[in-house]
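Chemist: This is the structure I have questions about; it appears just below.
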Amino acid sequence: EEAGDSAQGRAHGLRVVHEAALMELGELQRAALRRCLAELPGDSWTARDARCLLVLSAMADAEAAAAIEKEIADVGARIRDLKAAPEKDAAAIESAVAELLRLKEQLPSDHPMRPENVKAAAAARAKQKKEQASAAKAARKQDLKQKMDSVARPRIQRKIHHLLQTQGAGDAFQYAGPVLAERFADWAGRPVYLTEKWDGTTVQATKDGVFKRIDNLRKGASAKRDVKEEDRYRLELLDLDSEAHIKQAVEPYLSVFQSLDAGLCVYAEALGQGMGGGRHVAQRTQYTLRVFDFARDGEFLPFREVVELAERYKLPVVGHCLVDLSAEDVYQELATAEARVRRYADAPPGFEEEPFEGLVLRPGWDDGSAAKARVDLIRRTP
């Protein structure tokens, strides 16, 4: 400014700075030099001089930053040693951390080690990772949709009705007592399989993939009782990379699923953390599954054939026994489980203390139908 506003005056100012304060140029001075360069002819000696000055200043900044980086590394090592010491010196650690922050504040504003830049870089990486994961998930979803359109769709896992008569609605919904529901009245005294009902996530699989039944109606919706299965449920091909819990349960059996005969569908309860509705689910440490049904060409098979197919494919089947059906015996079985006396007869490792959820009853004759009896509905029964 003292040299005047002419190009010659500005050039003289550059030389003064070059000679007197080259190594102490800050960001404001460099910004001023760049403004000068924008007004000077590119091939003039003043422009060349200004460019040299900026380069030398940047070199000085780099040397200063390198020295600070070394100090930062030394202080960081000292902090690690202090934290690893048997007797920690809290005051010394606090002092060293303060020194570390002070050193980082001395770095140029665009240096990657400055705290704000470290935080911004981490946020950028997290955002990029999230965007990549979202894009990958969308791509897999599209692939699954295309595959779903090209494979034979298996029979959706059916709705199973209660074996015992029920009464009430909502929180008051419960069993009326040891009395068979009208639709199952002709089962009395006949041989049935009592199969153990697990609290998990139902999956079904064919040679083409693993599927999951999705409920189209919200939990507790009154329409659930009367709507047809095809209106209440839909079937989706699972993206196991997005279903970590289910993947851990079914992964050991994927090669078996791929070897299933055409037209054959296996139904199983996947067990482990994140699968099921009880509070005990969070305490699970193991993952497995239990087969409870098979269908061939859309028709559910008698339970005797379910057991035979499970043995043939070496798949774990639910615990079961064959008895003559008595509503009183089933009711007592549920009451015993409600009292925490009844446990699973065939509990896999890690599930020995699992609370018993209930029974699914299957005819002992050639009939693929089923009925259920739940422990939680006995609890509210007087």
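Residues in the sequence shown are numbered from 12 upward in steps of one, following this note's numbering.
All residues carry an ideal CB built from backbone N, CA and C; glycine is no exception.
#1: Say whether the segment 276 to 284 touches the segment 215 to 224, bearing in mind that this needs 3 or more beta-carbon pairs closer than 8 Å, one atom from each stretch.
#2: I need the boundaries of the alpha helix (DSSP H) containing Y342, first residue and last residue.
#3: Within its chain, find whatever has a CB closer than 8 Å to the CB of E82; leave out the 5 residues flanking it on each side and keep chain order.
#4: Would you please verify whether the beta carbon of L333 is less than 7 Å from any beta carbon of chain C?
#5: Cutting at 7 Å between CB atoms, please list the residues of its own chain near G288, excluding the five before and the five after it.
#6: Taking the straight line between their C-alpha atoms, what separation do you get for H122 and A103?
#7: Using the three-state DSSP reduction, which class does H256 fall into: helix, strand or coil?
#8: Based on the DSSP secondary-structure assignment, which residues constitute the bridge partners of T296?
#9: Buried or exposed: which applies to V317, given that a residue is buried once 16 or more other Cβ atoms fall within 10 Å of its Cβ?
#10: Just verifying my parser: in three-state terms, what is the DSSP assignment at G283?
#11: Counting C-beta neighbours from all protein chains within 10 Å, is the total for D219 16 or more, i.e. buried, or is it exposed?
#12: Under 7 Å, do A384 and V341 count as touching if we go by C-beta distance?
#13: Pick out whichever of Q178, E319, F314 has its Cα sitting closest to the Cα of D377.
#14: So L248 is in the beta strand (DSSP E); what residue range does that whole segment cover?
#15: How about G375 and V203: do their beta carbons lie closer than 7 Å?
#16: When DSSP labels each residue in this structure, what does E363 get in the three-state scheme?
#17: Tell me, to the nearest whole angstrom, how far the beta carbon of V190 is from that of A338; I am working on the premise that it is less than 8 Å.
#18: Closest to L265 by CA distance: which of D154, V352, F222 is it?
#19: What separation, rounded to the nearest whole angstrom, lies between the Cα atoms of G188 and L175?
#20: Just verifying my parser: in three-state terms, what is the DSSP assignment at Q178?
#21: Taking 7 Å as the threshold (C-beta atoms), are L336 and R245 in contact?
#22: Does DSSP put R229 in a helix, in a strand, or in coil?
#23: Measuring CB atoms only, is the segment 294 to 304 touching the segment 349 to 367, in the sense that at least three cross pairs come out at less than 8 Å?
#24: For the beta strand (DSSP E) that contains L333, what are its first and last residues?
#25: In whole angstroms, give me the CA-to-CA distance for E344 and E240.
#26: So what does L312 bridge to, in DSSP terms?
#27: Considering Cα atoms alone, identify which of S270, E247, K325, Q284 is closest to A255.
#28: Once the 5 residues before and after F268 are set aside, which same chain residues still bring their CB inside 6 Å of it?
#29: Measure the C-alpha to C-alpha separation of R166 and F305 and round it to an integer number of angstroms.
#30: In whole angstroms, give me the CA-to-CA distance for A95 and A88.
#31: Report, in whole angstroms, the separation of the C-beta atoms of L118 and A76, which I expect to be a contact under 8 Å.
#32: Between L155 and D250, which are expected to be in contact by the criterion C-beta below 8 Å, what is the C-beta distance as a whole number of angstroms?
#33: Which of helix, strand or coil does DSSP assign to G375?
#34: Quick test of your reading: K170 and G369, contact by CB under 8 Å. State the CB separation rounded to the nearest angstrom.
#35: Below 8 Å CB to CB, which residues in the same chain sit around F367 once its five sequence neighbours on both sides are set aside?
#36: Within this structure, are the beta carbons of E110 and V129 separated by less than 7 Å?
Modeler: Let's see:
#1: Of all C-beta pairs linking the segment 276 to 284 to the segment 215 to 224, three or more are shorter than 8 Å, placing the two stretches in contact.
#2: Per DSSP, Y342 belongs to the alpha helix (DSSP H) from 338 to 349.
#3: Here the set comprises L114.
#4: Structure shown: chain C not included; a single protein chain is present.
#5: Around G288: D210.
#6: Counting only the Cα atoms, A103 lies some 27 Å from H122.
#7: Looking at H256 - three-state DSSP - the assignment turns out to be helix.
#8: Looking at the DSSP assignment, T296 forms no beta bridge with any residue, so it has no partner.
#9: Result: buried.
#10: In the three-state reduction of the DSSP assignment, G283 falls in the strand class.
#11: Per the 10 Å Cβ criterion, buried.
#12: With contacts defined as CB atoms closer than 7 Å, A384 and V341 qualify as a contacting pair.
#13: It is F314.
#14: DSSP places L248 in the uninterrupted beta strand (DSSP E) bounded by 244 to 248.
#15: Yes; because the gap between Cβ atoms is below 7 Å, this pair is in contact.
#16: Here DSSP, grouped into helix, strand and coil, assigns E363 to coil.
#17: The Cβ separation is near 6 Å, so the contact holds.
#18: Ranking D154, V352, F222 by Cα distance to L265 puts F222 first.
#19: Going by the C-alpha atoms only, they are around 7 Å apart.
#20: Strand, per DSSP.
#21: R245 is not a Cβ neighbour of L336, given a cutoff of 7 Å.
#22: Collapsing the DSSP output to three states places R229 in coil.
#23: Here the segment 294 to 304 lies against the segment 349 to 367, with 3 or more beta-carbon pairs under 8 Å apart.
#24: 331 to 335 is the extent of the beta strand (DSSP E) around L333.
#25: Distance between the alpha carbons of E344 and E240: 29 Å.
#26: Residue pairing of L312 in beta bridges, as defined by DSSP: absent, with no partner found.
#27: Nearest of S270, E247, K325, Q284 to A255, Cα basis: Q284.
#28: Only A216 meet the Cβ criterion.
#29: Straight-line measurement puts the Cα of F305 at about 10 Å from the Cα of R166.
#30: When rounded, the distance between both Cα atoms is 11 Å.
#31: The pair is a contact, with the Cβ atoms about 6 Å apart (cut-off 8 Å).
#32: Yes, they are in contact, since the Cβ atoms of L155 and D250 sit about 6 Å apart, within 8 Å.
#33: In the structure shown, G375 sits in coil (DSSP, three-state: anything other than H, G, I, E or B).
#34: With a beta-carbon spacing of about 15 Å, K170 and G369 fall beyond the 8 Å limit used to define contacts.
#35: Its chain contains E207, A348, R353, R354, Y355, V386 as the residues whose beta carbon lies nearer than 8 Å to that of F367, once the 5 sequence neighbours on both sides are disregarded; these appear in chain order.
#36: No, these two residues do not count as a Cβ contact at 7 Å.
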